[in-house]
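Protein chains in written order, with this note's numbering: chain A, 5 to 471; chain B, 222 to 1283. For glycine and all other residues, C-beta sits at the position ideal for the given N, C-alpha and C.
This is the structure:
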């Protein structure tokens, strides 16, 4: 195997031999290796377009709304949100789970598909990983700021040594969350950054501006593209991929424990870990499709993010959608089969109680709409997949809403039953979260290479692997 | 301990001489003391008003911030933001230089006193000179250590920042008020009193239970010639009972009922367990015959209670047979019952009495039952039960909701029944009432209004009354009072009547004043101040004495002697009056007698108090005016007094506004209660706004659909809709006093023909409970006496799959080696009155959250009364269940808290560590009982300014962002532990009473050590009736409930909503 000692050259992912994928599917349009660099680096090296500014402005405004809302309730108390006595959690936790779920696709694409030698991932793994990291950042704001005293929660949930010998509660799923999400964020960030290094070096080498050169010199950590560099890089990448893979399963498993470990009917279910992981992948892939469809239009990356890529993604969406649909059905079956009166009530209440609209939104969006992907034409239709991916995102948001709100609002004692209605502050924070995510993502597409140039080159006909 | 050594009254100006010891140099200057404000400040609890002082510390009113101030504050906060690491300012606790006797920081003193409204005996808990809680005086033979929700909440009024703080003069024409000094006011009043002319002075007040006060007012009025009268008026007066007694037996007394020996009780519109003035005693007595011991279940006996009522009351909810009737039907029901008993069954010595027969003849039980729409069999059952228990039964009626135009006639029939059943002299005691007192009904005020209109009133003194609010406008009080030369109002609060007065004088709160009370023959209690006056207030009685003394008015008797003596205060008057009137009953040395009485709070004359009376003979002539039976139809309205607000005098009390009504659970509003059938007929759903019209008066008011209401009945609580009450009370609810009808010399509150229609508007009531059936879940247990006799552990109404006493477990159970705290709550004793809710609120510094937060289920009460209906919506059965932290052995909250802020201790309590809590609310989500309360805002700020002083120093005040819940009054457990430890002893049963237990009138709540097999709580835990709520979850609560047992037929046929399982 030939590793080329070129800083702008082709990375040879030493052991990513693939025979399963026809390379002409992966990069279309007769691109040369130079074209790859030009195409990918173009957004970084030019002034932003008015479209970018427009998008950024909108995202920043949304973030501003969120900041305003968060400031208000941190200063005055959580009472401005719609939370109440039975509903101790509301759409803040819905958003947390939603964003953590979104984050999953990134790691799945970058790590698991990498280990399974799915070479088609190369075009999308960078942005998917970026999405993961930004989604986790966005997600983390929720559990922290929705606590009553976030200024203390920020560090009291960490097991740090202190003179009062106060310790955290290792039995609490929330603590497991801190570890799981924390680990996930750290590993994902390192994985992403390591993957970026060769491309950062390419940008460094192309830089004409001194400041730019300095920044990218520091970021590329002295990458020279030597054999030794590549060898170390690739083993590091492989190890990190290996480390990330179990995290894909563990994070959402543990997030699901927040619910499953509680004794609340509607939460207390052993099906939650696989159900949540499938749901996370489902929603994550939908989000990736949403973003890629926009990105390949906006930055003219159609040659790299091809219809074949998207079709594969859509297949995964459909498969995971079926799993999620199965889980919905299974919950009802168990509620009936177990004979548990509380369990039975909560599921009937879900579908036909005051939150029926949320339940049926969820079911239709997640279990029924993705069925259109049985048809190849739908899988390959940009408008169809865009709409379906949006519906899946909406449906998955509502799935968490259904789990959080409907289970809490009517639990064991009918005397304490209530109803949860989000307020404008809840929605403002939700909008702010999208703002935060898109601000970060838009900055990313301006500042860092959105496609792993080195990896893409390896799957081009001119690249290292000719069968 | 007593206050007899400490003079706490104000010094009146004429007795003042500059003090020998001065505080500030300006006090040496004689002109300083010329300003009477400075004189008045001496003797007050605070030199600066606490509101102002505290307001300066913790409140910046941003609304009034000028631009420059804003910039200054902004600049300062920016600068301070730069010093983020600066330490908080140090507030030093300054120890006493000379420690007052009796006061030890951290140790509470308890002083016996009494409530001037109801005469109940109080124990005032005082910490470092501040009263912080009111508890019942266990030595008082009437309330026996228990207080109602309203009685306990009086402590909050003491610290209300909106209390009147200075004398005010009001320009009646413009309504402009200005602050005056006592000296100026007194001069003006005395001049007017002297000029008033013979017989032209009137005092109008609420009913008084104080002998000393009554004597003083009488002597004061004696100075103004015959015709100067004292008029008492209470909107909630039970004057119809008094009048009925007079017509039936010849003496105008309010009888005392002995529910503790009443084995069969029939209530006809009488809420004796809820809103009657003596409900604490009556509930306590009534519950004595409802206590059951499962060990003797085979021979168990329990009293049987029947209720016929037009709205769902606490009494009806607790009765075994409850029959909904229309407002105004009470008389018919009583006559039909009498007809059943005396004519149909031919029982009693009245069976042959012609007058009685003539009166009852036309009221055939079947006809009456058919007209009203109930099964006549219930009348027969009631008659049988009463006859079987004759001499040990009781028929009662009376109260606002049955005060229709035939209220007195109803009393006469009730008296007939009690006499016929030989209950008179046994369970009805006409001799236990104190001396006959004038009726506080409408007749007196009516005459007063006529006199005012005739111009024969020159000076009117108003005390503890608010006629501008509580009389219907058609009574014409507001117009009449304009013709009075000088209107003086003595009041704690600025209210509607203040606007009609010339001079408004701030009155002492009961806890700042002396006094006495007599509500039973032979039982006289003392009221003593527990802190010096907070503001420049003066008691009503001191004002009278001052005017008598200053004006040399020539009042008679003791008043003149005291007013002209050197010791010329109200305190001296009370002492002198006791020396003359009460002391002779005791003998010995007066000083010893006085100190003992003050310490005990009550003097009980042996052989007189509680002595059994002989039966009085019923005068059949009282029935002469009984109308002939005539069927009626149409929707009728009853006005009633709510448990929280009564007649609305305490509407500025936030505890009471947020007190959930025991039946409707609505807070912060009144509403028109409409039965399900009528609501369906008219197309009302909950929270619709209805227009209710009575005669020409109408108002818009939200609808509450109330199960158990008759299909032609409406009910609305009075006491809401205050226009001038204060920040809390003004504008809460709708004022329905304008709907009251004048019927001759009395007011009709019930049986009013009303129209109700839709308005299309919507108003969301702030309820604390939204769902009213148990869904067959294993939450409560509700059986009949027959079932209990067969098997005391019987359980029904729940899904049998969900009943599991001992859930199998792989794990070893928790070990509790020393004490293990637990509680037992007897659902059969709990009347749902809610006294525990306010007791807990006062003890544990529980904030109020306001109407909007209650609407979205954010109320903070640590103990709530869950109320479940079963059976039909038209006539449901009711169970009350006090729900509080269950202190589970396997507490679901504990495992999920990430920072260990809620932990189990080795004595079985689940402790919430406020300092550690970061507010994830996971514990609350995982709590199956939903008893945890989250501080969504800084709710403690609801205690504004001086209200901070009501806080119990033993309990942390919680900031926003943290979770709180019932602690089993851990501060009381600790106190008992230390008290015993100091003596080297162990805690024994009864040392610890939680706040809820302490005030529970029926002793439904028992707390103690479950590990001690001899403790009451462990015996109750072992009782066959004991069960734990949601046992199947294996949370293993430390609270056991005891099944509710109904003394009625049927049982298993009833069920609690949803389909019947199993």
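Other residues of its chain near residue i: CB distance less than 6 Å, five sequence neighbours each side excluded
| i | result |
| --- | --- |
| residue 647 of chain B | 612 |
| residue 384 of chain A | 311 and 315 |
| residue 773 of chain B | none |
| residue 506 of chain B | 480 and 481 |
Residues near residue i by beta carbon distance below 7 Å, same chain, minus five either side
| i | result |
| --- | --- |
| residue 249 of chain A | 115, 116 and 119 |
| residue 279 of chain B | Its pLDDT being 47, under 50, residue 279 of chain B is placed unreliably in this model, and the coordinates cannot settle the point. |
| residue 1076 of chain B | 985 and 987 |
| residue 179 of chain A | 161, 172 and 173 |
| residue 1244 of chain B | 515 and 1263 |
| residue 669 of chain B | 423, 425 and 452 |
| residue 889 of chain B | 878, 879, 953, 987, 1072 and 1075 |
Contacts that residue i makes with chain A (C-beta to C-beta distance below 9 Å)
| i | result |
| --- | --- |
| residue 1284 of chain B | Since the displayed chain B opens at 222 and closes at 1283, residue 1284 of chain B lies outside it and no answer follows. |
| residue 1143 of chain B | 92, 93, 176, 177, 178, 262 and 266 |
| residue 1113 of chain B | 266, 267 and 268 |
Partners in chain B for residue i, counting only beta-carbon separations shorter than 8 Å
| i | result |
| --- | --- |
| residue 388 of chain A | Under the 8 Å cutoff, chain B gives no residues; its nearest Cβ is about 39 Å from residue 388 of chain A. |
| residue 166 of chain A | Within 8 Å Cβ-Cβ: nothing; residue 166 of chain A doesn't reach chain B, min ~12 Å. |
| residue 412 of chain A | 1146 |
Buried or exposed by the 16-neighbour rule on C-beta atoms within 10 Å, applied to residue i
| i | result |
| --- | --- |
| residue 326 of chain B | exposed |
| residue 260 of chain B | buried |
| residue 298 of chain A | exposed |
| residue 644 of chain B | buried |
| residue 255 of chain B | exposed |
| residue 335 of chain B | buried |
| residue 809 of chain B | exposed |
| residue 633 of chain B | buried |
| residue 1295 of chain B | Because residue 1295 of chain B is not part of the residues shown, which for chain B are 222 to 1283, the question remains open. |
| residue 1140 of chain B | buried |
| residue 923 of chain B | buried |
| residue 28 of chain A | Per-residue confidence for residue 28 of chain A stands at a pLDDT of 48, beneath the threshold of 50, marking its modelled position as unreliable; no derived number is given. |
Contact list for residue i against chain A, beta-carbon separation under 8 Å
| i | result |
| --- | --- |
| residue 1150 of chain B | 416, 417 and 420 |
| residue 1147 of chain B | 266, 267 and 268 |
Contacts around residue i, its chain only, beta-carbon distance under 8 Å, and the 5 residues preceding and following it disregarded
| i | result |
| --- | --- |
| residue 1043 of chain B | 1108, 1129, 1228, 1229, 1230, 1231, 1238, 1239, 1242, 1259, 1260 and 1261 |
Chain B residues whose Cβ lies nearer than 7 Å to that of residue i
| i | result |
| --- | --- |
| residue 173 of chain A | 1118, 1119, 1120 and 1121 |
Contact set between residue i and chain A, taken where Cβ atoms lie within less than 7 Å
| i | result |
| --- | --- |
| residue 1139 of chain B | 151, 152, 153, 156, 157 and 160 |
Cross-chain neighbours of residue i in chain B, by beta carbon under 9 Å
| i | result |
| --- | --- |
| residue 99 of chain A | Within chain B, no residue comes near residue 99 of chain A; the closest Cβ sits about 16 Å away, beyond 9 Å. |
| residue 81 of chain A | 1156, 1157, 1158, 1159, 1160, 1181 and 1182 |
| residue 88 of chain A | 1074, 1077, 1078, 1079, 1155 and 1157 |
Cβ-heavy atom distance, residue i to the ligand ZN, below 7 Å
| i | result |
| --- | --- |
| residue 232 of chain A | Looking for the ligand ZN in the displayed structure turns up nothing, as the structure carries no ligands at all. |
At what residue ranges does the segment 550 to 621 of chain B contain a whole run of the alpha helix (DSSP H), taking only runs of 4 or more? Qualifying alpha helix (DSSP H) stretches, in chain order: 551 to 559, 575 to 581, 586 to 593 and 598 to 609.
Note down, one range per segment and in chain order, each alpha helix (DSSP H) of at least 4 residues found wholly within the segment 1159 to 1207 of chain B. For the segment 1159 to 1207 of chain B, whole alpha helix (DSSP H) runs of length 4 or above, ordered along the chain, are 1191 to 1203.
Going along the chain, which residues of the segment 1244 to 1260 of chain B sit with their C-beta nearer than 7 Å to a C-beta in chain A? Closer than 7 Å at the C-beta level to chain A, one finds these residues of the segment 1244 to 1260 of chain B: 1251 and 1254.
Chain-ordered residues of the segment 1181 to 1206 of chain B with a beta carbon less than 7 Å from chain A: Along the segment 1181 to 1206 of chain B, going in chain order, the ones with a CB nearer than 7 Å to a CB of chain A are 1181, 1182 and 1183.
Entirely enclosed beta strand (DSSP E) segments - the segment 394 to 441 of chain B, minimum 3 residues: Every beta strand (DSSP E) of 3 residues or more that sits fully in the segment 394 to 441 of chain B is shown, in chain order, as 397 to 400 and 422 to 426.
Taking beta-carbon pairs under 8 Å, can you tell me which members of the segment 987 to 1013 of chain B lie near chain A? Listed in chain order, the positions of the segment 987 to 1013 of chain B with a beta carbon within less than 8 Å of a beta carbon of chain A are 990, 991, 992, 993, 994, 995, 996, 997, 998 and 1000.
Where the segment 346 to 365 of chain A meets chain B: residues whose CB sits under 8 Å from a CB there: Considering only beta carbons, the part of the segment 346 to 365 of chain A lying closer than 8 Å to chain B consists of 346 and 349, in chain order.
For the segment 1069 to 1089 of chain B, which residues have a beta carbon sitting closer than 8 Å to at least one beta carbon of chain A? Hits within the stretch, in order: 1074, 1077, 1078, 1079, 1080, 1085, 1087, 1088 and 1089.
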